[in-house]
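Chemist: Mapping the sequence shown onto this note's numbering, position 246 (from 1) lands on 235, and the numbers just tick up by one.
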Amino acid sequence: MGHHAVRDLVETLVSIPSHDDETAAGDRIERWLQEETDAAVDRDEAGNVIARRTPTDGSTDDSLALVGHHDVVPPADEQVDADGEYVVDERDGRLHGRGTADMKGALAAAMVVFRDADPSVDLVFASFVGEEQGGIGAQAAIEAGFSPTWAVVTEGSTGYSASGVTDVAVAHKGRRGSTIHAMGTAGHASRPEESENAIYRASDAVDIVRSLAAPDATVLGTDLSGSVAVTEIDGGSAWNVIPDNCSVTVDERTVPGDRVDLAQVQEIKGVEWEVDQDLPPMACGDPVFANRVLEAAADAQPGEPQQVAKPHATDAGWLAAAGTDCVVCGAAEPGEAHTSTESVSLEVVDRCYEIYRTVAESTANN
-10 MGHHAVRDLV
0 ETLVSIPSHD
10 DETAAGDRIE
20 RWLQEETDAA
30 VDRDEAGNVI
40 ARRTPTDGST
50 DDSLALVGHH
60 DVVPPADEQV
70 DADGEYVVDE
80 RDGRLHGRGT
90 ADMKGALAAA
100 MVVFRDADPS
110 VDLVFASFVG
120 EEQGGIGAQA
130 AIEAGFSPTW
140 AVVTEGSTGY
150 SASGVTDVAV
160 AHKGRRGSTI
170 HAMGTAGHAS
180 RPEESENAIY
190 RASDAVDIVR
200 SLAAPDATVL
210 GTDLSGSVAV
220 TEIDGGSAWN
230 VIPDNCSVTV
240 DERTVPGDRV
250 DLAQVQEIKG
260 VEWEVDQDLP
270 PMACGDPVFA
280 NRVLEAAADA
290 QPGEPQQVAK
300 PHATDAGWLA
310 AAGTDCVVCG
320 AAEPGEAHTS
330 TESVSLEVVD
340 RCYEIYRTVA
350 ESTANN
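(1) Output the distance between the C-alpha atoms of HIS85 and THR174, rounded to the nearest integer angstrom.
(2) On the three-state DSSP scale, how would you describe ARG83?
(3) Can you check DSSP and say which residues form a bridge with ASP240?
(4) Kindly give me the distance between the Cβ atoms of HIS161 and ALA311, rounded to whole angstroms, as I take these residues to be in contact under 8 angstroms.
(5) Restricting to Cα atoms, I'd like to know which of GLN23, THR26, ASP107 and ALA13 is closest to TYR345.
(6) Can you look up GLU74 in the DSSP assignment and give me helix, strand or coil?
(7) Going by Cα to Cα distance, which pick from ALA28, ASP196 and PRO245 is closest to VAL254?
(8) Have a look at the DSSP bridge pairing and note the partners of ASP267.
(9) Which residues in the same chain have their Cβ closer than 6 angstroms to the Cβ of ASN186, if we skip the five residues on either side of it in sequence?
(10) By Cβ distance, which residues of its chain are closer than 8 angstroms to ASP250, with the 5 residues on each side in sequence left out?
(11) If I measure Cβ to Cβ from ILE39 and keep anything under 6 angstroms in the same chain, skipping five residues before and after, which residues do I get?
(12) Give a yes or no on whether the C-beta atoms belonging to ASP265 and GLY166 are separated by under 8 angstroms.
(13) Could you give the uninterrupted runs of the alpha helix (DSSP H) lying entirely in the segment 103 to 169, keeping only those of 4 residues or more?
(14) Tell me which residue opens and which closes the alpha helix (DSSP H) that ILE188 is part of.
(15) Given a cut-off of 8 angstroms, decide if VAL101 and GLN296 are closer than it, judged by their beta-carbon atoms.
(16) Drop a sphere of 10 angstroms on the beta-carbon of ALA218, count the other beta-carbons inside from all chains shown, and report buried for 16 or more, exposed for fewer.
(17) For the alpha helix (DSSP H) containing SER351, name the first residue and the last one.
(18) Taking 8 angstroms as the limit between beta carbons, can you name the residues of its chain near VAL356, skipping five residues before and five after?
(19) Take the Cβ of ASN37 as the centre, count every other Cβ of all protein chains shown within 10 Å, and call the residue buried at 16 or more, exposed below.
(20) Where does the unbroken alpha helix (DSSP H) through GLN23 begin, and where does it stop?
(21) Is it buried or exposed, PRO181, if we count other Cβ atoms within 10 angstroms and call 16 or more buried?
(22) Would VAL239 and GLY215 be called neighbours here (beta carbons separated by less than 8 angstroms)?
(23) What are the residues that DSSP puts in a beta bridge with VAL38?
(24) For VAL317 versus THR330, is the C-beta distance shorter than 8 angstroms?
(25) Looking at the secondary structure, which residues open and close the alpha helix (DSSP H) in which THR207 lies?
(26) Between which residues of its own chain and PRO63 is the CB-CB distance below 6 angstroms, once the five residues before and five after are set aside?
(27) Going by CA-CA distance only, name the one from ASP16, THR49 and ASP60 that's closest to GLY123.
(28) In the DSSP assignment, what residue or residues form a beta bridge with SER48?
(29) What residues in its chain sit with their C-beta under 8 angstroms from that of THR168, if we drop five residues either side in the sequence?
(30) Would you please state the rounded distance, in angstroms, between the beta carbons of LEU308 and ALA127? I believe it to be under 8 angstroms.
(31) Just to confirm my understanding: we take GLN23, look at its own chain, exclude 5 residues before and 5 after, and list those with CB closer than 8 angstroms. What are they?
(32) The beta strand (DSSP E) with VAL61 in it runs from where to where?
Spelled out as structure tokens, the structure:
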């Protein structure tokens, strides 16, 4: 019954466009929860849908959240029909369409588990908006007091240790994007000594960036390596003018703990450094909870899941920064999200239902 309900719900959710406006998808999720459960369902001002159930013997001090998001990135042309509706196609055991992997497949599994489970602690379901815009919904919910003890964030964790195996991510990298602004004074290129070349100052800053070693981290025995790279440069106005400004984009993949000290580029005259985006990394601080999810994953599949690290930031980073112990466990495989051929294995979506239900019914005070 659970698997059939999950598959029907996946198709329903995937068919609802939610790249420009998440309202319709949020409406459907909210209505389903109201019709299928007796839970308290809240739709906050940001558009997040959050519901809570208590165990049959009463509320507990701890809570477990099943967390996803219902926004998606814009679809490719072939993922939309002539009427602007999303194309949903099942073939060869996979559901194809925008949002199948990222992340309405696992989201549907979490919704049906929220309905079906006999939870051991307070059980929360949360579907956030704006994850693809840097975690807008998650941040709004946290600011409003969303603070579960534990969370399973249902982003992809399948296919990391081995093809087809649904692993448990106990850590993930963050992403800090920043811009180095170099200012100088303009002048004629025939008299360069009379000007201050902003490109030269930017080049000196780039040399500093290249000299910085990105930190590493280990979370529950799982290693993560950070990185830092210059990815764009923009400066100059004409072939015969010494430029008075130049900007450099820096992409960092951050790990729990230390950060690259990019602020030191500001020691160069005329150089400023500005952070444009800072998506936090995630590290699970509760090994007992992480092991419990791993055991549930092992029981739900023939393969041998591992505790792994994800290279991508998720809403788990915001939750972890606010004090929730998180893992990431979901159906999406590397290379599926955000692609024109996005799809998800329906067998793995069913597996996620089993994993989430086992965790919901076995999580208790450590």
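By construction, the Cβ of each residue, glycine as well, lies at the ideal position given by its N, Cα and C atoms. Just so it is clear, the structure is predicted and the values come from calculations on it, not from any experiment.
Modeler: So, to answer that:
(1) Counting from one through the sequence shown, the residue named residue 85 turns up at place 96. Counting from one through the sequence shown, the residue named residue 174 turns up at place 185. C-alpha separation (whole angstroms): 54 angstroms.
(2) Against the sequence shown, residue 83 aligns to sequence position 94. Reduced to three states, the DSSP call for ARG83 is strand.
(3) To locate residue 240, count along the sequence shown from 1; it is residue 251. The partner list for ASP240 (beta bridge, DSSP) reads GLY166 and ALA218.
(4) Counted from its first residue, the sequence shown places residue 161 at position 172. Counted from its first residue, the sequence shown places residue 311 at position 322. At roughly 16 angstroms, the Cβ-Cβ gap does not stay under 8 angstroms, so HIS161 and ALA311 are not in contact.
(5) For the purposes of this step, residue 345 is taken as the residue at position 356 of the sequence shown. Of the candidates GLN23, THR26, ASP107 and ALA13, the one whose C-alpha sits nearest the C-alpha of TYR345 is ASP107.
(6) For this step, residue 74 is matched to residue 85 along the sequence shown. DSSP places GLU74 in coil when its eight states are reduced to three.
(7) Here the question's residue 254 lines up with position 265 in the sequence shown. Of the candidates ALA28, ASP196 and PRO245, the one whose C-alpha sits nearest the C-alpha of VAL254 is ASP196.
(8) As a working mapping, residue 267 is identified with position 278 in the sequence shown. Note: ASP267 sits in a beta bridge opposite ARG165.
(9) In the sequence shown, the residue the question calls residue 186 occupies position 197. Closer than 6 angstroms at Cβ, skipping near neighbours: GLY173 and ILE231.
(10) In the sequence shown, the residue the question calls residue 250 occupies position 261. Hits under 8 angstroms: LEU201.
(11) Along the sequence shown, one-based indexing puts residue 39 at 50. Excluding residues within five positions, the ones whose Cβ falls inside 6 angstroms are ASP31 and ALA115.
(12) In the sequence shown, the residue the question calls residue 265 occupies position 276. In the sequence shown, the residue the question calls residue 166 occupies position 177. It is a contact, given that the beta carbons lie within the stated cut-off.
(13) 125 to 132
(14) Counting from one through the sequence shown, the residue named residue 188 turns up at place 199. Residues 187 to 200.
(15) Taking the first residue of the sequence shown as position 1, residue 296 is located at position 307. Taking the first residue of the sequence shown as position 1, residue 101 is located at position 112. Taking 8 angstroms as the Cβ cut-off, GLN296 and VAL101 do not qualify as a contacting pair.
(16) Taking the first residue of the sequence shown as position 1, residue 218 is located at position 229. With fewer than 16 other Cβ atoms within 10 Å, it is exposed.
(17) The residue labelled residue 351 in the question sits at position 362 within the sequence shown. Run containing SER351: 335 to 351, per the alpha helix (DSSP H) assignment.
(18) Within the shown structure, residues of the chain are numbered from -10 to 355, placing residue 356 beyond reach of any answer.
(19) Sequence index remark: in the sequence shown, residue 37 carries index 48 (1-based). By the neighbour-count rule (16 or more Cβ atoms within 10 Å), ASN37 is buried.
(20) Locating residue 23 in the sequence shown gives position 34, where the first residue counts as 1. First-last of the alpha helix (DSSP H) with GLN23: 12 to 25.
(21) In the sequence shown, residue 181 corresponds to position 192, counting from 1. Answer is exposed; the Cβ neighbour count stays below 16.
(22) Stepping through the sequence shown from its first residue, residue 239 is reached at position 250. Stepping through the sequence shown from its first residue, residue 215 is reached at position 226. No. Outside cutoff.
(23) As a working mapping, residue 38 is identified with position 49 in the sequence shown. Its beta-bridge partners are ARG32 and SER116.
(24) Numbered from its first residue, the sequence shown carries residue 317 at position 328. Numbered from its first residue, the sequence shown carries residue 330 at position 341. No, Cβ-Cβ distance for VAL317 and THR330 is not below 8 angstroms.
(25) Mapped onto the sequence shown, residue 207 falls at position 218. Counting along the chain, THR207 falls outside any alpha helix (DSSP H), though it belongs to the beta strand (DSSP E) covering 205 to 208.
(26) Residue 63 sits at position 74 when you count from the first residue of the sequence shown. Correct list, in chain order: HIS8.
(27) Mapped onto the sequence shown, residue 123 falls at position 134. Nearest of ASP16, THR49 and ASP60 to GLY123, Cα basis: ASP60.
(28) Position 59 of the sequence shown holds residue 48. BP columns for SER48 are empty, so no partner.
(29) Start at 1 with the first residue of the sequence shown, and residue 168 comes out as number 179. The answer, listed in chain order, is SER236, VAL237, THR238, VAL239, TRP262, GLU263 and ASP265.
(30) Residue numbering aside, residue 308 sits at position 319 when the sequence shown is read from its first letter. Residue numbering aside, residue 127 sits at position 138 when the sequence shown is read from its first letter. Contact flag correct, Cβ pair sits at about 7 angstroms.
(31) Your numbering for residue 23 matches position 34 in the sequence shown. VAL30.
(32) Residue numbering aside, residue 61 sits at position 72 when the sequence shown is read from its first letter. Unbroken run through VAL61: none, as it is neither H nor E.
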